[in-house]
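Colleague: For the sequence shown, my numbering assigns the number 325 to the initial residue and increments by one for each residue that follows.
Have a look at this one.
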Amino acid sequence: MTSTTIKSKNNLTTKLINGLLNIKPLAEFAKTQARKMIIKRANFIGVPWENNVKHLENHDWQEEIKAVENPNINYPSYYLTSFHAYEKGNMSWDAAWELESAAYSVHSTIYSKIPQLDGDRNLRKSYHEFLQTQLPSNPDNILDIGCGVGLSTFALQETYPNSNISGLDLSPYFLAVAKYQAKQKGKSINWIHDAGEYNNLPLESFDLISTFLMFHELPQFAAENIISHSNKLLKKGGFFALMDMNPQSENYKKMPRYVFTLLKSTEPYLDQYFTLDIESMFIKCGFSTPKIVSISPRHRAIIAQKI
Ligand SMILES: C[S@@+](CC[C@H](N)C(=O)[O-])C[C@H]1O[C@@H](n2cnc3c(N)ncnc32)[C@H](O)[C@@H]1O
């Protein structure tokens with residue numbers, strides 16, 4: 325098969341999958357199946373999904389939510405949609421209580437067909453090993469955009485224990501859980517409830533801005549706005565780094581179409597992420613040509629310097 329034939333076959337499959345996902349009962353079925361698969365895998369690798377959720381559910385969240393919530397926030401409309409099989413997407417307690425267990429499950433098959441508990445840890449380790457080869461010195465001020473419940477922020481703090489670290493996210497529920505987990509771990513992190521693309525953080529104040537698994541959740545215009553605004557937040561010579569799915573990975577190309585359909589049913593902007601010309605976007609937003617490397621069989625890391 326020529327590459328043009330493969331491309332037009334893929335375009336046709338994409339159209340077919342999108343058509344199917346536009347039929348609400350089919351989309352709901354796909355989402356339910358995707359969720360079942362994730363919970364089953366979590367239990368297989370020894371992550372006690374139900375117990376973890378129950379533990380968080382039983383906590384009284386008033387103190388954390390009051391401490392983190394920004395009452396003046398303006399949510400971008402693309403954000404207020406269903407993600408990851410949650411009707412209210414990232415704006416729900418369920419999503420916040422399940423995120424950590426879900427990350428272990430989803431990443432359990434990165435390095436082996438048989439699900440492994442350390443997939444998530446190894447993915448984060450590979451990213452930081454790569455970053456350390458790229459940064460000339462340890463960054464003083466670090467911002468983790470799209471920090472979720474703090475998994476990526478805690479990994480940054482482990483790697484750079486002497487840095488000032490802030491985690492920013494649009495979901496107050498995720499930030500409340502992040503704050504709670506930080507307290508349990510005895511970590512000091514500044515949690516910020518705001519948008520990556522418009523916030524009042526001080527300009528030219530960060531040495532490193534990192535985003536871990538956020539870009540695949542963004543429409544292309546939002547990705548550009550975040551890169552552009554981050555450029556303003558970075559000091560001259562500062563770095564923007566991101567880790568996310570690698571559209572060039574053979575794993576996605578060879579993925580059985582039904583698995584890809586399940587994945588797409590939970591990720592509304594996946595097509596936009598997969599077709600994004602991220603290299604041109606960085607250059608347009610005032611960065612050096614980014615370095616893009618594969619850091620797992622299905623993920624890539626990107627780093628670019630503010631010029
Ligand atoms: C898949 S989660 C990744 C969480 C975390 N970085 C980790 O490694 O587990 C993506 C996160 O990006 C956040 N997010 C999406 N769009 C955002 C935006 N425009 N500004 C800030 N956060 C955003 C979501 O709320 C979510 O917490």
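The C-beta atom is built at its ideal place from N, Cα and C for all residues, glycine as well.
1. Determine the contact status of R622 and I616, defining contact as a CB-CB distance below 8 Å.
2. Could you tell me whether any Cβ in chain C is nearer than 8 Å to the Cβ of E482?
3. Can you give me the Cβ contacts of S490 inside the same chain, cut-off strictly under 6 Å, excluding the 5 residues immediately before and after it?
4. What do you reckon, are the CB atoms on F539 and Y597 nearer than 8 Å?
5. If I follow the unbroken beta strand (DSSP E) through F563, where does it start and stop?
6. When you compare the CB positions of L683 and A547, do they come within less than 8 Å of one another, or not?
7. Could you tell me which residues DSSP pairs with W515 in its beta bridges?
8. Determine the direct distance from the alpha carbon of G370 to that of N376, and round the result to whole angstroms.
9. Which class does N375 belong to by DSSP, given the choice of helix, strand or coil?
10. Restricting to Cα atoms, I'd like to know which of D493, S429, G610, N570 is closest to K364.
11. Check whether the segment 452-472 touches the segment 555-569, taking contact to mean three or more Cβ pairs, one atom from each stretch, closer than 8 Å.
12. Is there at least one non-hydrogen atom of ligand 1 closer than 7 Å to the beta-carbon of N446?
13. For A628, does the count of other Cβ atoms within 10 angstroms reach 16, so buried, or fall short, so exposed?
14. Given this structure, state the Cα-to-Cα distance separating N555 from F368, to the nearest angstrom.
15. So if DSSP puts K630 in a beta bridge, which residue, or which two residues, is it bridged to?
16. In whole angstroms, what is the alpha-carbon distance linking S612 and L380?
17. Which residue or residues does DSSP assign as beta-bridge partners of V617?
18. Are D531 and D444 touching if we call contact CB-CB under 8 Å?
Modeller: Let's see:
1. One-based indexing of the sequence shown puts residue 622 at position 298. One-based indexing of the sequence shown puts residue 616 at position 292. Taking the C-beta atoms as reference points, I616 is found no nearer than 8 Å to R622.
2. The structure shown contains no chain C, having only a single protein chain.
3. To locate residue 490, count along the sequence shown from 1; it is residue 166. If we look at S490 and ignore the five residues flanking it on each side, its Cβ neighbours are L467, N514, I516.
4. Start at 1 with the first residue of the sequence shown, and residue 539 comes out as number 215. Start at 1 with the first residue of the sequence shown, and residue 597 comes out as number 273. Yes, the pair counts as a contact, with Cβ atoms nearer than the cut-off.
5. For the purposes of this step, residue 563 is identified with residue 239 of the sequence shown, where counting begins at 1. Start and end: 558-569.
6. Residue 683 lies beyond the residue range present for the chain, which begins at 325 and ends at 631; the question has no answer from this structure.
7. Position 191 of the sequence shown, counting from 1, holds the residue named residue 515. BP columns for W515 point to G491.
8. For the purposes of this step, residue 376 is taken as the residue at position 52 of the sequence shown. For the purposes of this step, residue 370 is taken as the residue at position 46 of the sequence shown. Between N376 and G370, the C-alpha separation is close to 11 Å.
9. Counted from its first residue, the sequence shown places residue 375 at position 51. In the three-state DSSP reduction, N375 falls in the helix class (H, G or I).
10. By one-based count along the sequence shown, residue 364 stands at place 40. With distances taken between CA atoms, K364 lies nearest to S429 out of D493, S429, G610, N570.
11. Cβ pair count under 8 Å is three or more, so yes.
12. Counting from 1 along the sequence shown, the entry for residue 446 is found at position 122. Within the chosen limit of 7 Å, ligand 1 does not reach the beta carbon of N446 with any heavy atom.
13. In the sequence shown, the residue the question calls residue 628 occupies position 304. A628 is buried by the Cβ-count criterion.
14. For this step, residue 555 is matched to residue 231 along the sequence shown. For this step, residue 368 is matched to residue 44 along the sequence shown. Answer to the nearest angstrom: the Cα atoms are 42 Å apart.
15. For the purposes of this step, residue 630 is taken as residue 306 along the sequence shown, with counting starting at 1. Bridge partners of K630: F611.
16. Position 288 of the sequence shown, counting from 1, holds the residue named residue 612. Position 56 of the sequence shown, counting from 1, holds the residue named residue 380. For S612 and L380, the distance between alpha carbons rounds to 43 Å.
17. Counting from one through the sequence shown, the residue named residue 617 turns up at place 293. The secondary-structure analysis by DSSP pairs V617 across a beta bridge with A625.
18. Here residue 531 corresponds to residue number 207 of the sequence shown, with the count starting at 1. Here residue 444 corresponds to residue number 120 of the sequence shown, with the count starting at 1. In this structure, D531 keeps its C-beta atom at 8 Å or more from the C-beta atom of D444.
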